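Colleague: Numbering (UniProt numbering), first residue to last: 1 to 381. Structure provided below as structure tokens; questions to follow.
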């Protein structure tokens, strides 16, 4: 018989929420600072939207696609329903359209913060997630898409993450075919078939678009090979501009990142419901975990492109930051000496006289050095 958890246990947290202890919290803070510094150096100005918004605004427009992942609560003051943000992109779009509508375009914004998602049944492992990203609002150009991806690559490189792969897709193509050619049970059947990459089911349920969808399924792999295969397919007029844009995006990305690892998957469409153009998923070759994702969308009525990185994922593959050396110092120490230690990378731990011997206290407080003879001196092991 399964035991009932002791809900009075102060160590028990809700599913999907965890404490970050000193080493983890420090690594996250330093990693985020490094990423945000890259964005700032390229002119992306930081904004901070609120964690809570009224449901009517947060989950309207493109935000409606996030409704199923949003926790809701009643505001005791206004008696209106509020929602915890499950993603920050739609909030940035609101800020651009309302608070910064008179600012010159292109508008470059960056952000970092926590989001809360409901999760899916059986996969509620991470409900509080951190995000760090950029949004480029205004131009609808391949060069803008390439800029966003290039800055993502630079940010990850600053963390020591090498061998990054950018997987490109154009989900609007699949959704366009599904919405125009299928309805009811047929629509659900083709969505399920494409999601499982089941060629036999796509042939069975694909109707007039079966051969095109099968051809798109086959055009998966390194960008130059995938584009060659897409060139052999006959697309309806409404989809040809998207194929041309995908080709232009690949060229623009390679112009900025000649050695970039680019793949294309024309039938990757789930989870991209409000996107209007090219989308990208970021992976490190030695990790199966998604490091980030982004793409082209509408920020209100404006074209925009963004990329959101996931610190909980990229910090698992980043080079661990060096631990600060800890030096036990006297309680009354000259500020110039403290400053010199800090500039040299030490964390200074002021003695509070917990032990009659400072060396013993230093060991107790996990210090590697002690201030002795006007300099930091390594402790004997």
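Here a beta-carbon is modelled for each residue, glycine too, at the ideal position from N, C-alpha and C. Since the structure is predicted, the reported quantities are computational estimates derived from the model, not experimental observations.
Helix, strand or coil for residue 114 per DSSP?
Modeller: Taking the first residue of the chain shown as position 1, residue 114 is located at position 114. Note: residue 114 maps to strand in three-state DSSP.
Colleague: Whose C-beta lies closer than 8 Å to the C-beta of residue 81 among residues of the same chain, with five residues either side of it excluded?
Modeller: To locate residue 81, count along the chain shown from 1; it is residue 81. Once the five neighbours on either side are set aside, the close Cβ partners of residue 81 are 54, 55, 56, 72, 73, 74, 75.
Colleague: From residue 364 to residue 16, what distance separates their C-alpha atoms?
Modeller: In the chain shown, residue 364 corresponds to position 364, counting from 1. In the chain shown, residue 16 corresponds to position 16, counting from 1. Roughly 34 Å between the two C-alpha positions.
Colleague: Count the other CB atoms, across all protein chains shown, that sit within 10 Å of the CB of residue 135; report buried if there are 16 or more and exposed otherwise.
Modeller: Stepping through the chain shown from its first residue, residue 135 is reached at position 135. Buried: at least 16 other Cβ atoms inside 10 Å.
Colleague: Output the residue ranges of the beta strand (DSSP E) runs that lie fully inside the region 98-185 and measure 3 residues or longer, sorted by chain position.
Modeller: Correct list: 107-116, 128-137, 164-169.
Colleague: Who are the near neighbours of residue 263 in its chain, counting only those whose CB is closer than 8 Å to its CB and skipping five residues on each side?
Modeller: The sequence position of residue 263 within the chain shown is 263, counting from 1. Result list for residue 263: 165, 166, 167, 168, 220, 221, 222, 223, 226, in chain order.
Colleague: Just curious, the alpha helix (DSSP H) that residue 211 is in, first and last residue?
Modeller: Numbered from its first residue, the chain shown carries residue 211 at position 211. Where residue 211 is concerned, the enclosing alpha helix (DSSP H) stretches over 210-218.
Colleague: Can you tell me where the alpha helix (DSSP H) holding residue 41 begins and where it ends?
Modeller: The sequence position of residue 41 within the chain shown is 41, counting from 1. Taken as a continuous stretch (DSSP letters only), the alpha helix (DSSP H) holding residue 41 covers 22-41.
Colleague: Within a Cβ cutoff of 7 Å, which residues of the same chain sit near residue 379, ignoring the five residues on either side of it in sequence?
Modeller: Here the question's residue 379 lines up with position 379 in the chain shown. Correct list, in chain order: 359, 362, 363, 367, 368, 369, 370.
Colleague: Can you grab the Cα-Cα spacing for the pair residue 29 / residue 188, in whole Å?
Modeller: Within the chain shown, the letter at position 29 stands for residue 29. Within the chain shown, the letter at position 188 stands for residue 188. Computed Cα separation, rounded: 43 Å.
Colleague: Curious, which full-length beta strand (DSSP E) runs of at least 3 residues does the region 235-318 contain?
Modeller: Listed in chain order, the complete beta strand (DSSP E) runs (minimum 3 residues) inside the region 235-318 are 261-264, 275-284, 290-299, 302-309.
Colleague: Under DSSP, the beta strand (DSSP E) around residue 363 begins and ends at which residues?
Modeller: Residue numbering aside, residue 363 sits at position 363 when the chain shown is read from its first letter. Not the beta strand (DSSP E): residue 363 falls in the alpha helix (DSSP H), residues 358-364.
Colleague: What are the start and end residues of the beta strand (DSSP E) that includes residue 64?
Modeller: The residue you call residue 64 lines up with position 64 of the chain shown. Where residue 64 is concerned, there is no enclosing beta strand (DSSP E), given that its DSSP letter is neither H nor E.
Colleague: Comparing C-alpha positions only, which one of 42, 319, 137, 144 sits nearest to residue 158?
Modeller: For the purposes of this step, residue 158 is taken as the residue at position 158 of the chain shown. Comparing Cα positions, the closest option is 319.
Colleague: Report, in whole angstroms, the separation of the C-beta atoms of residue 302 and residue 146, which I expect to be a contact under 8 Å.
Modeller: Against the chain shown, residue 302 aligns to sequence position 302. Against the chain shown, residue 146 aligns to sequence position 146. So it is not a contact: roughly 19 Å between Cβ atoms.
Colleague: Under DSSP, the beta strand (DSSP E) around residue 225 begins and ends at which residues?
Modeller: As a working mapping, residue 225 is identified with position 225 in the chain shown. No beta strand (DSSP E) contains residue 225, which is instead part of the alpha helix (DSSP H) from 223-231.
Colleague: Below 8 Å, can you find three or more Cβ-Cβ pairs linking the region 327-347 to the region 304-319?
Modeller: Not touching, per the Cβ criterion.
Colleague: Please report the residue range of the beta strand (DSSP E) in which residue 326 lies.
Modeller: Here residue 326 corresponds to residue number 326 of the chain shown, with the count starting at 1. Unbroken beta strand (DSSP E) run through residue 326: 325-329.
Colleague: What is the DSSP secondary structure of residue 379, counted as helix, strand or coil?
Modeller: Locating residue 379 in the chain shown gives position 379, counting from the first residue. Residue 379 falls in the coil class under three-state DSSP.
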